[in-house]
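With my numbering, letter number 68 in the sequence shown gets 78, and the count goes up by one each step, no holes.
Don't be surprised by glycine CBs; every beta carbon is placed ideally from N, CA and C.
Heads up, the thing below is written out as structure tokens.
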Amino acid sequence: MSSITFIGAGNMARTIGTLAVAGGNTVEVMARDQSKADALAKVLGGGTTAGKWGAVPAGDIVITAVLYAGVVPAVAEYGDALAGKIIVDISNPFNAAFDGLAHSEPTSIAQEVAKVAPAGASVFKAFNTIFRGVLEQGRPDVFFAGDNPQAKADVAAFIESLGLRPLDVGGLKMAHWLEGMGLVTVGLTGNGVGHGNFALGVNEVKG
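Take a look at the structure:
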């Protein structure tokens, strides 16, 4: 099993954290508001601890469970405390109209994180194409992207521990397109599907 630290104590940290604890992983929560980290650690149970903001995370895998605008600043603030860690960005940088991305086309939040992450850190994009309610109630595919082969194996193993299927889409530059997939899911909620109780996935045809 994996050791996981969440930077952030919001809804996605609660949802993924619940699955992580159920999957036998060691979990730590960090938040700027220590009381929120303490409260979520108590809710998650299973030996979950609350770390201090900015300290070296106990987890080998660090999930930045904050709004997209706060991801890069948080990683920059942690600095060398994240050296050697696997950093997983789960954010969706949507514009105000939810019909485009908030940043320039060639990049992604995960790629911007890689620019400020310390030496030896491996950055990934994952979980951003899945609505929280589906994570809570279903078993969706989890698309992920990153460059480090060994770290990829670790991320895949963590996703499998949640009872979910990891699907590697390629290197970190693919994070931009995963953010686009997140945008597609939002478009589907108001159009072709009409609700958020679904997830994008892969159906394999044999033969």
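- Contact annotation, Asn207 with Val144: C-beta distance approximately 7 Å; criterion of less than 8 Å satisfied.
- Counting along the chain, Met191 sits inside the alpha helix (DSSP H) bounded by residues Ala185 to Gly200.
- Across the set Val39, Gly173, Gly156 and Leu174, the C-alpha of Val39 shows the shortest separation from the C-alpha of Thr58.
- If only uninterrupted beta strand (DSSP E) runs of at least 3 residues are considered, those enclosed by the stretch 50-85 are 71-74.
- For Glu146, same chain residues with a beta-carbon under 6 Å away, outside a window of 5 residues either side, are Thr25 in chain order.
- In the three-state reduction of the DSSP assignment, Lys125 falls in the helix class, which pools H, G and I.
- In the same chain as Leu172, and ignoring 5 residues on each side of it, the C-beta atoms closer than 6 Å to its own belong to Leu29 and Gly33, in chain order.
- The stretch 90-101 makes contact with the stretch 59-75; the number of CB pairs closer than 8 Å reaches 3 or more.
- With contacts defined as CB atoms closer than 8 Å, Leu177 and Phe153 qualify as a contacting pair.
- In the displayed model, Thr36 falls within a strand according to three-state DSSP.
- Spatial neighbours of Gln44 in its own chain (CB-CB distance under 8 Å, excluding positions within 5 residues in sequence) are listed in chain order as Ala60, Lys62 and Trp63.
- A distance below 8 Å separates the beta carbons of Lys135 and Leu188.
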